[in-house]
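Numbering (my numbering), first residue to last: 17 to 392.
Here you go:
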């Protein structure tokens with residue numbers, strides 16, 4: 017079976033969970049004997065032996081925009097890049113032999129739709145998150161329109177949680193029967209289970225700095241933590257449009273020196289942060305899944321997650337909080353930091369709990385879906 021896989025992010029150019037998902041799924045499909053034709057924008061990528069890389073002319077530039085004016089320019093620029101990617105992908109696809117089309121998110125959905133229309137091949141679209149949730153209810157209309165079209169034109173829509181499935185069904189008025197949930201996964205072998213310094217008192221966040229991620233709520237909770245524990249440090253790894261606002265909030269709360277913004281970190285640096293963290297917090301306002309929570313759990317870090325997340329459906333042995341409840345969040349953080357053993361048993365059980373979430377299992381579910389579509 018040959019799958020034409022349309023992707024936008026791929027290692028080492030990773031902004032969020034989309035890039036990690038694409039890499040690990042393609043790798044797992046390839047290991048199970050699926051021939052993948054991987055379409056990517058121009059750039060340098062991690063090579064998976066056996067996968068055919070189709071590098072398109074348009075290059076992605078990863079930038080951070082700190083104000084509304086620049087953000088508007090960024091979105092217009094991104095739209096032009098998506099159009100260029102779509103045109104190049106369609107031209108290239110018409111020269112290829114494949115059985116099924118698999119697009120990822122709105123960025124590649126237009127290409128998938130056009131290739132389907134020209135070839136008659138079945139189309140799967142994976143929606144990792146919606147524009148509505150990414151912008152906390154203030155979507156860019158042209159992106160929302162593309163997502164709506166993708167959901168309508170796809171033969172099957174795949175998403176990463178029941179939480180996300182319900183959101184897509186409600187937003188775009190599509191039957192839940194058309195949407196299949198295939199959870200994200202984790203390769204636990206890639207994450208160290210040896211704690212380098214359990215007494216570091218590092219509270220860690222990893223992810224994009226966007227309104228959806230709720231990092232401002234974590235900083236406010238950490239203000240309460242800092243008033244009760246003089247040794248606690250908050251480490252924030254990631255970048256995004258909220259960086260300036262979060263730095264201002266840190267200054268307003270007089271947390272200079274207690275909050276460290278690491279920026280984008282390498283994989284090696286990320287593993288080091290997990291190994292020294294005392295607690296990991298994912299305070300998302302709305303999170304379709306939350307791969308970083310799986311990474312923290314695999315690293316045996318006591319983990320706090322927002323109730324408003326997909327990962328909360330598959331992991332029970334974590335602390336779950338309302339993102340807006342800074343007092344509850346602070347109390348749990350302080351309990352983990354100051355009482356040995358509070359999070360140890362949970363993190364051990366959570367690590368065992370996610371063993372079923374392997375990329376091989378996810379890939380097998382996609383293969384079953386491919387076969388089902390091809391047999392109809």
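Quick reminder that beta carbons are idealized off the backbone N, C-alpha and C, glycines included.
Check                                                                                                                             : Outcome
Contact set for residue 78: own chain, Cβ-Cβ below 6 Å, skip 5 residues either direction                                          : Confidence is the limiting factor: at residue 78 the pLDDT is only 44, short of 50, which leaves the residue's position unreliable, though a coordinate-based value still follows. Counting only Cβ-Cβ distances below 6 Å, and skipping sequence neighbours, we find nothing.
Whole-number beta carbon distance between residue 275 and residue 238, since they are thought to touch under 8 Å                  : 7 Å
DSSP three-state assignment for residue 10, whether helix, strand or coil                                                         : What is shown of the chain runs 17 to 392, which leaves residue 10 out entirely.
Any beta strand (DSSP E) of 3 or more consecutive residues that is wholly inside the stretch 107-133                              : 116-120
Ranges of the beta strand (DSSP E) found wholly within the stretch 206-234, counting only runs of at least 3                      : 218-222
Range covered by the beta strand (DSSP E) that runs through residue 19                                                            : 18-22
Residue 40 and residue 340 closer than 7 Å at C-beta                                                                              : no
Which of helix, strand or coil DSSP assigns to residue 387                                                                        : helix
For residue 352, the three-state DSSP class (helix, strand or coil)                                                               : helix
Reference residue 43; option with closest CA among 388, 378 and 392                                                               : 378
Range of the contiguous alpha helix (DSSP H) that encloses residue 44                                                             : 33-47
Residues bridged to residue 177 [DSSP beta-bridge criterion]                                                                      : Bridge partners of residue 177: none, in fact.
DSSP-derived helix/strand/coil call for residue 399                                                                               : Outside the shown range of the chain (17 to 392) lies residue 399, about which nothing can therefore be said.
Bridge-paired residues (DSSP) for residue 298                                                                                     : 321
Own chain residues within Cβ distance below 7 Å of residue 170, not counting five before or after                                 : 139, 140 and 141
Own chain residues within Cβ distance below 8 Å of residue 232, not counting five before or after                                 : 258, 261, 262 and 265
Chain-order list of residues whose beta-carbon lies under 7 Å from that of residue 351 (same chain, five-residue window excluded) : 358
Residue nearest to residue 135 in terms of C-alpha spacing, selected from 113, 152 and 148                                        : 113
Residue 356 classed as buried or exposed, judged by whether at least 16 other C-beta atoms fall within 10 angstroms               : exposed
Residue 353 vs residue 248 beta-carbon contact at 7 Å                                                                             : yes
Expected contact under 8 Å - CB spacing of residue 197 and residue 177 to nearest Å                                               : 6 Å
Simplified DSSP assignment, three categories, for residue 336                                                                     : strand
N-terminal and C-terminal residue of the alpha helix (DSSP H) that residue 157 is part of                                         : 157-169
Rounded Cβ spacing between residue 334 and residue 320 (contact assumed at less than 8 Å)                                         : 7 Å
Cβ-based neighbour list, residue 152, same chain, cut-off 8 Å, excluding 5 preceding and 5 following                              : 227, 228, 301 and 302
Residues that DSSP places opposite residue 142 in a beta bridge                                                                   : 120 and 174
Local Cβ density within 10 Å of residue 84, reported as buried at 16 or more and exposed below that                               : Because residue 84 sits at a pLDDT of 43, beneath the cut-off of 50, its placement in the model cannot be relied upon, and the following sentence gives the value as read from the coordinates. With fewer than 16 Cβ atoms within 10 Å of its Cβ, residue 84 is classed as exposed.
Three-way DSSP call (helix, strand, coil) for residue 287 in this model                                                           : helix
Nonlocal neighbours in the same chain, by C-beta distance under 8 Å from residue 268, ignoring five residues either side          : none
Beta carbon of residue 221 nearer than 7 Å to that of residue 212                                                                 : no
Best match in 291, 256 and 187 for proximity to residue 206 [C-alpha to C-alpha]                                                  : 291
Segment limits, alpha helix (DSSP H) that includes residue 310                                                                    : 307-314
Coil, strand or helix - residue 25 by DSSP                                                                                        : coil
Residue 362, enclosing alpha helix (DSSP H) - first and last residue                                                              : 360-369
Residue 82 to residue 148 span [Cα, whole Å]                                                                                      : With a pLDDT of 41 at residue 82, under the threshold of 50, the predicted position of this residue should be treated as unreliable, and no value is reported.
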